[in-house]
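A.B. asks:
Residue numbers (our numbering): 2 to 295.
1) Please classify residue 109 as buried or exposed, where buried requires at least 16 neighbouring CB atoms within 10 angstroms.
2) According to DSSP, is residue 199 helix, strand or coil?
3) Output the boundary residues of the alpha helix (DSSP H) element that contains residue 40.
4) In angstroms, rounded to a whole number, what distance separates the CA positions of residue 183 and residue 245?
5) Could you give the distance in angstroms between the alpha-carbon of residue 254 and the alpha-carbon of residue 231?
6) Taking the alpha helix (DSSP H) that residue 144 falls in, what are its first and last residues?
7) If you count every other CB in all the chains shown that lies within 10 Å of the CB of residue 55, and 16 or more means buried, which is it?
8) So which of 83, 263, 64, 126 has the shortest CA-CA distance to residue 37?
9) From residue 44 to residue 98, what distance separates their C-alpha atoms?
10) Distance, Cα to Cα, residue 192 vs residue 249?
11) With a threshold of 16 other CB atoms inside 10 Å of the CB of residue 198, please say whether the residue is buried or exposed.
12) In its own chain, which residues sit with a C-beta less than 6 angstroms from the C-beta of residue 79, not counting the 5 before and 5 after it?
13) Check each candidate in 129, 30, 96, 140 and name the one with the smallest Cα separation from residue 67.
14) Return yes when the Cβ of residue 207 is within less than 7 angstroms of the Cβ of residue 252, no when it is not.
Here is the structure:
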């Protein structure tokens, strides 16, 4: 099968030969012969004016001639990006039809009819192709085997099935069967413990700064009051961070315990509802909010 490359006399050098321009087989042979014998050609089949589009069309024609449909589609698509000639849509329909991708072929032919507005003869040929492909699609759909498993025989014969795998739940470790909630609880608990540990570090640092400040001002009046005040400020900052860490860490630990309790023991034993523990932290408040969905 050959692609249709039809144009006016001004661009005849770019065309396929007239004898092969519309070589079609049944069932649209009669319509194709009418289009081939037309003089002058239908303007809807004029070659694009862009040199880049013409070059891409030539590449597509060569690829189509040797059955490289993917390359032909790529070349024609590239041509369509630089020139809106309806012939490009027609040629894409031809390639998709040859590749038996009928749904895409129908779409390209329909776009050709909408944008190219061909005359009666060319329209009859394209509509013949569309009707033929739709008939093929309907036939394929009606003869396709039903999806899903085949039913067991009704005559008492037992259908043979493949081996059934043994349940794997028994081989799983307890942690692999925990609910998502309990896994989250473990993570929150670990995070809470880490924050509490950070609070302890801040507390130790705060006490160290306090002791250093006291050492600087053991006598009165204090000769190194400025340094002692700086150390006292650091001690106060570390104490604030320690208290915040204690609050947040405790909130995480409590949230972990509550989440663990409210979550099911395993995926096969879900909890009655979905519980959420959300920590809240600000400069003046540390707390938890609890919500549950049923």
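All residues carry an ideal CB built from backbone N, CA and C; glycine is no exception.
C.D. replies: Walking through what the data contain:
1) buried
2) helix
3) That residue, residue 40, is in no alpha helix (DSSP H); it is neither H nor E in DSSP.
4) 26 angstroms
5) 34 angstroms
6) 121-144
7) buried
8) 126
9) 23 angstroms
10) 10 angstroms
11) exposed
12) 57
13) 96
14) no
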